[in-house]
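Residue numbers (the numbering used here), protein chains in the order written: chain X, 1357 to 1524; chain W, 531 to 950.
Backbone N, C-alpha and C fix where the C-beta goes; we use that ideal spot for every residue, glycine too.
None of these values were measured; they are calculated from a predicted model.
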Amino acid sequence: MPDGPGLELLRGEIDADLAGVVLDTSYAKERAVLIVDPARVRDVLSWLRDTPGQGYRFLSSLHVADYLPAEPRFGVHYEMLNRERVERLRVKAMLPAEGPEIDSVTDLFPTANFQEREAFDFFGIIFRGHPELTRILLPEDYVGWPQRRDFPIGGEPVTFTYSEERYG
Amino acid sequence: MAEQHTFPQGRIDEDAALPTVADLYGELDEDRTTEVMTVNIGPHHPATHGVLRLVVDLEGEVVRDLKPVIGYVHTGIEKSCEDKSYWKVIPFVERMDYVSYFFQMEAYCGAVERLIGLEIPPRAKYLRTIMLELNRIHSHLVWLGTTALDLGAISMLWYCFRERDRILDLFEMATGQRMHTRYFQVGGVIEDIPLGWEEKCRSFVHDMPIRVGQYEALLDRNEVFLQRTKGVGIVSRERLLELGVTGPLLRAAGEPWDLRKAFDYLAYPEMDFKIPVGTVGDNYDRYRVRVAEMVESTKIIGQALDALPGGPFIADDRKYVLPPRSELSTSMESLIHHFKLVTEGFRVDPGEIYYAIEGPRGELGCFVLADGSSKPARVHFRDPSFVNLQSFKDMAMDSYVADMICSLGMLDPILGGVDR
């Protein structure tokens, strides 16, 4: 992991090339996080991947967390891995509660394909430019975004013939 | 008489090229006459290793397009975890990838420990390492048995499951359960190993490399097995990295990437072991890498048993760890802690963490988001089977249906982990 000062140096380098794209940084529990402008997340990720001396070429995981009631509400996490220096870096893009949309990174990192579909499936986040943005784990005709924090647990009625006959 | 039972040397021409698809069917072109047929395989099919559905476009016997359809065993575990206090999540996450339950527990417990900054005692680290490596052998044995079964080597299944049963016996003796043991706790492990367990484990560690030698004797000189696996399902190392594939599949393509070596967790930095890698990246290399990994795992278990430190097996932080049962009748403090932990659970300060370990199938990551309450706000697993499944199309394209089945076996997806 880049340590605290290393993270600030990295931020400076990104700012020199892509001004204003890094909104904030955080360093907690030995994990470095870059919070970036969601509109330019592709620029940051390709910069991290292609700039000599950076080499965050491996996207280990793409996942989404719901920070309800905070606004912007959704955080799309890109866990970047530099396998040469054995460093992890999390890039986080925050999306609003209404109409969360972000550019797909599937063409930069083909591994994001299934993971973006999963994020769409559970949180309803639209990944612009994804080749096939359909539900992946839930049935195609399912309505709702079940991993959102305001989706009730147990909100799915389970109908058995027995209980239907007995309780109507 | 003895000569008749020895394997005739030099009978297998391992370098002989099999006829390629182009040899048999010609290059794919626009005005071809063969009809392309879409065939549905699964979701309930013995060769798909779980509830996986494959929609395959076939030209004769050759796969021209392929799409895995998943989600048939989705049970919403990640959502259910959000309604459970931290210590009650452990049995849930175990049931995702049902052959590598210790790894799920370690990923989750390790993530929570790092969130609250809890250091686990050395004995717990070693016990966890031993259990994880036993589980890795167990997982690879299930893989080897079922995959060899797909290729027609039925006896392999019985031999592999015989050794697997010894591992399950060890689990049962130490934890009380054969599967889904709930042995790891936040802060350590729930119980020390019982008397006699170490000897039993040592005898297993002694026997296992011999058994692996027997498996190799059965498969490595088996003409059918070699013809079915050699040169089949090759995907380049660069493509695998693009697709985010990790674990034995990546190592079989020649990339020595193993999180046990790269990152510092549990007792792995003190262990002396090698990372087996392949050269070509075909199905045969994938088999070789996993078999070699089993031997390396036995080495790790042996070393960990030799160096097993004394002392407590769980941390002594009463805010997070249950007090010993004996204290409950004498200490009011312990009774209060016990009550609070069992009823409400412990609270975790707001924060988020991604913690990844090397599972038997690759990088198993766990993301935990804490919001200050006693329940996690989000638990997400980066399951290696889920990510690795994306490379299946590359493996099976333009090969025979039978080779596709072989590649799927060598990919080793566990659908419980894919669907969660």
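Distance between residue j and residue i (C-alpha atoms, nearest Å)
i          : j          : result
Asn1469(X) : Tyr817(W)  : 27 Å
Tyr798(W)  : Thr659(W)  : 7 Å
Leu664(W)  : His867(W)  : 34 Å
Phe537(W)  : Leu749(W)  : Reliability fails at Phe537(W), whose pLDDT of 48 lies under 50, so the model's placement of it is uncertain and no value is given.
Phe1478(X) : Tyr795(W)  : 31 Å
Pro842(W)  : Ile764(W)  : 48 Å
Val917(W)  : Leu858(W)  : 46 Å
Asn570(W)  : Asp695(W)  : 35 Å
Ala678(W)  : Pro943(W)  : 15 Å
Arg769(W)  : Leu1493(X) : 25 Å
Leu1489(X) : Gly1500(X) : 15 Å
Ala926(W)  : Ile1509(X) : 39 Å
Asp1359(X) : Leu941(W)  : 36 Å
Tyr638(W)  : Ser615(W)  : 13 Å
Ile723(W)  : Gly706(W)  : 11 Å
Pro778(W)  : Thr676(W)  : 17 Å
Glu823(W)  : Glu1443(X) : 25 Å
Arg1505(X) : Phe1476(X) : 15 Å
Glu863(W)  : Val872(W)  : 14 Å
Gly1431(X) : Pro890(W)  : 29 Å
Arg877(W)  : Gly902(W)  : 6 Å
Thr776(W)  : Gly939(W)  : 16 Å
Glu753(W)  : Ala683(W)  : 11 Å
Asp949(W)  : Asp595(W)  : 22 Å
Ala532(W)  : Leu687(W)  : Any reading at Ala532(W) needs caution, since the residue's pLDDT is 41, under 50, leaving its predicted position unreliable; the model's value is listed next. Taking the straight line joining both Cα atoms gives about 27 Å.
Arg666(W)  : Val821(W)  : 11 Å
Pro1408(X) : Ala1372(X) : 15 Å
Gln534(W)  : Glu589(W)  : Low confidence applies here, because Gln534(W) scores a pLDDT of 47, under 50, leaving its location unreliable; read the following figure in that light. Computed Cα separation, rounded: 43 Å.
Val810(W)  : Asp1422(X) : 43 Å
Residues bridged to residue i [DSSP beta-bridge criterion]
i          : result
His668(W)  : DSSP output for His668(W) lists no bridge partner at all.
Phe1478(X) : Answer by DSSP bridge pairing: none, since Phe1478(X) is not bridged.
His910(W)  : Phe897(W)
Glu857(W)  : DSSP, once it has assigned bridges, lists no residue as partnering Glu857(W).
Asn570(W)  : Val585(W)
Tyr1434(X) : Leu1418(X) and Val1447(X)
His575(W)  : Gly580(W)
Pro778(W)  : For Pro778(W), which the question treats as bridged, DSSP gives no partner whatsoever.
Gln715(W)  : Gly718(W)
Lys597(W)  : Val585(W)
Leu1390(X) : Thr1381(X) and Val1447(X)
Glu888(W)  : Glu893(W)
Ile1458(X) : Phe1483(X)
Glu882(W)  : Leu899(W)
Closer than 7 Å at the beta carbon, the chain W residues around residue i
i          : result
Leu1493(X) : Ile600, Gly601, His604 and Asp949
Glu1427(X) : Going along chain W, no residue has its Cβ under 7 Å from Glu1427(X), so there is no contact; the nearest lies around 15 Å.
Listed by chain order, chain X residues near residue i by CB distance under 8 Å
i         : result
Gln920(W) : Pro1466, Thr1467, Asn1469 and Phe1470
Glu772(W) : Phe1465, Pro1466 and Thr1467
Leu648(W) : Those do not exist, as Leu648(W) stays about 12 Å from chain X at its closest Cβ, beyond 8 Å.
Leu941(W) : Here the premise fails: no neighbours, minimum Cβ distance about 14 Å.
Phe793(W) : Val1442
Cβ-Cβ distance between residue i and residue j below 8 Å
i          : j          : result
Leu681(W)  : Arg758(W)  : yes
Ile830(W)  : Phe803(W)  : yes
Asp815(W)  : Ala792(W)  : no
Lys609(W)  : Pro1361(X) : no
Val1397(X) : Leu1379(X) : no
Met1450(X) : Pro1394(X) : yes
Trp673(W)  : Met703(W)  : no
Phe734(W)  : Leu700(W)  : yes
Leu671(W)  : Leu945(W)  : no
Phe1414(X) : Arg1441(X) : no
Contacts that residue i makes with chain W (C-beta to C-beta distance below 8 Å)
i          : result
His1419(X) : Phe897, His910 and Arg912
Pro1358(X) : Residues of chain W passing the Cβ test: none, with the nearest at roughly 15 Å.
Chain-ordered neighbours of residue i on chain X, where CB pairs are closer than 9 Å
i         : result
Ser610(W) : Ile1509
Asp613(W) : Ile1509 and Gly1510
Ala886(W) : Ser1416, Ser1417, Glu1435, Leu1437 and Arg1444
Proximal residues of chain W, C-beta to C-beta of residue i below 9 Å
i          : result
Asp1422(X) : Leu899, Ala907 and Arg908
Pro1361(X) : Correct list: empty, because the minimum Cβ distance to chain W is about 21 Å.
Pro1502(X) : Gly606 and Lys609
Residues that residue i contacts on chain X, provided the C-beta gap is smaller than 7 Å
i         : result
Phe755(W) : Simply none; closest approach about 31 Å.
For this session: Using a Cβ-Cβ cut-off of less than 8 Å, give me the residues of the region 810-844 of chain W that come near chain X, in sequence order.
Result: none
Problem set entry | Under 9 Å (Cβ pairs) to chain X, residues found in the region 893-910 of chain W | Glu893, Gly895, Phe897, Leu899, Asp901, Ala907, Arg908 and His910
Exercise. For the region 1381-1410 of chain X, which residues have a beta carbon sitting closer than 7 Å to at least one beta carbon of chain W?
Worked result: Ala1384, Lys1385 and Arg1387
Exercise. Of all the residues that make up the region 1428-1454 of chain X, which are near chain W by a beta-carbon distance shorter than 8 Å?
Worked result: His1433, Glu1435, Arg1439, Val1442, Arg1444 and Arg1446
Exercise. When you check each C-beta in the region 698-729 of chain W against every C-beta of chain X, which residues fall closer than 7 Å?
Worked result: none
Problem set entry | Interface residues of the region 760-790 of chain W facing chain X [CB-CB below 9 Å] | Arg769, Leu771, Glu772, Leu773, Gly774, Val775, Thr776, Glu785 and Trp787
Exercise. Going along the region 857-889 of chain W in order, which residues come within less than 8 Å of chain X, judged by CB to CB distance?
Worked result: Gly881, Glu882, Ile883, Tyr884 and Ala886
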